[in-house]
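Sequential numbering from 8 applies to the sequence shown in the working numbering.
Just so you know, even glycine gets a beta-carbon here, dropped at the ideal spot from N, CA and C.
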Amino acid sequence: MKIKIKANTFLIALISISGLFTSCSGQETFGNQYLKLEKVIPLPGVKGRIDHMDVNVNEKERIVYASALGNNSLEVVSLLQGKVIHTIGGLSEPQGVAYLPKQHEIFVANGGNGDCYFYDAGTFKKTGAVHLPSDADDVRYDSIQGKIYVGYGEGGMAIIDAVTKRLTGDIKLPAHPESFQLDIPSGRIWVNIPEAGMIAMLDEKNQKITAEWRIHYPSAYFPMAYDKKDHRLFVGCRRPARLLILNSENGKEIATYLCTGDPDDLYYDSSSRRILISGGEGYVDIFQQQHADVYRQISYLPSRAGARTSLWIPTSKEWLIAAPARLGHTAALLVYKMSN
């Protein structure tokens with residue numbers, strides 16, 4: 008036990024010390040007062056890329072579900088115990104995942120075969136399945152209406168009833184959708200469609216595209232977050248690495264900022280008015296929203312090479328960064344705490 012504690016402490020110190028150096032892009036790191044690495048949770052035996060995550064925030068459980076795409080598994084991780092407590096294997100490149108608290112189930116979207124599975128979150132037994140044509144990817148869950156949204160294939164947004172476990176809607180898109188955000192009251196959905204060179208606004212009720220905003224530079228936009236109060240979309244772009252800010256009502260570009268390379272997850276925390284970005288370059292960003300049109304980068308810190316995906320837990324101000332096995336390191340969840 009002492010050896011594990013010492014190794015874990017050393018790893019945290021090593022990651023923290025690396026903040027003294029500059030990134031491969033030449034930008035100096037700064038802002039470590041805003042983010043503290045609290046623990047590193049190993050993911051033993053997990054190989055390859057790690058995709059999206061979700062969490063059961065119940066204080067007595069605090070369970071994270073991590074889609075280990077390259078490992079064809081879903082890793083069930085206890086934040087309280089600091090370890091993997093179960094692995095659901097035999098999946099086909101799992102990408103999106105959602106915890107469904109009302110029915111205590113887990114929903115997993117498989118990119119390899121398009122299958123979407125439901126599992127009992129207590130027994131981990133499969134309770135249902137919905138097949139999509141191919142490449143089931145990012146997932147959103149609307150707990151109010153009991154709907155699950157899944158971007159998939161060469162151009163589709165599937166809508167699944169979480170209770171009946173049946174496909175109830177399908178919005179056709181011009182190419183594969185990446186990250187998307189919902190506005191439940193208005194029934195609108197914003198979605199990144201980089202292969203088509205656009206961000207689209209969808210009408211869920213009529214199941215159609217209502218606006219197309221052509222964006223050619225910066226390109227390769229994958230993650231997205233939404234500020235409902237100020238009507239802003241935050242989009243992470245890879246070519247070049249930029250944070251793009253748009254008016255969600257009309258698609259007007261508000262601002263563009265340099266950000267970490269290879270961004271894959273992006274969050275907006277409404278209570279602190281901060282934007283959090285994780286990138287595969289091995290760095291994370293925090294931007295402070297000063298008002299709807301002006302933002303300031305307040306933190307740029309090292310995480311680990313390849314750690315593209317992350318999960319923000321607003322209730323506890325924890326930011327989980329998924330680090331794949333690389334350069335002699337075991338795959339792990341890096342658990343950070345954001346301060347004011």
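Neighbour-count burial assignment, G121, 16 or more Cβ in a 10 Å radius: buried
DSSP-derived helix/strand/coil call for F28: Interpretation of F28 is limited by its pLDDT of 46, a score under 50 that renders its predicted location unreliable; no figure is taken from the coordinates.
Neighbourhood of H138 by C-beta distance below 7 Å, restricted to the same chain and skipping five residues each side: G121 and D122
Exposed unless 16 or more other CB atoms sit within 10 angstroms - verdict on E325: buried
Simplified DSSP assignment, three categories, for N347: coil
Residue closest to Y343, alpha-carbon to alpha-carbon, out of P201, I57, A329 and T337: A329
Closest residue to N347 among L308, D210, S310 and I293 (Cα-Cα distance): I293
A165 in three-state terms, based on DSSP: strand
Whole-angstrom C-beta distance between V64 and Y72, which should lie under 8 Å: Incorrect: roughly 12 Å between the Cβ atoms, too far for contact.
Rounded separation between V47 and K215 - CA only: 43 Å
CA nearest to the CA of E288, picked from D269, A232 and Q295: D269
Beta-carbon proximity of P230 to D272, cut-off 7 Å: yes
Inter-stretch contact at 8 Å, needing at least 3 Cβ pairs: the region 168-182 / the region 130-146: yes
With 16 other Cβ atoms within 10 Å as the buried cut-off, status of V301: exposed
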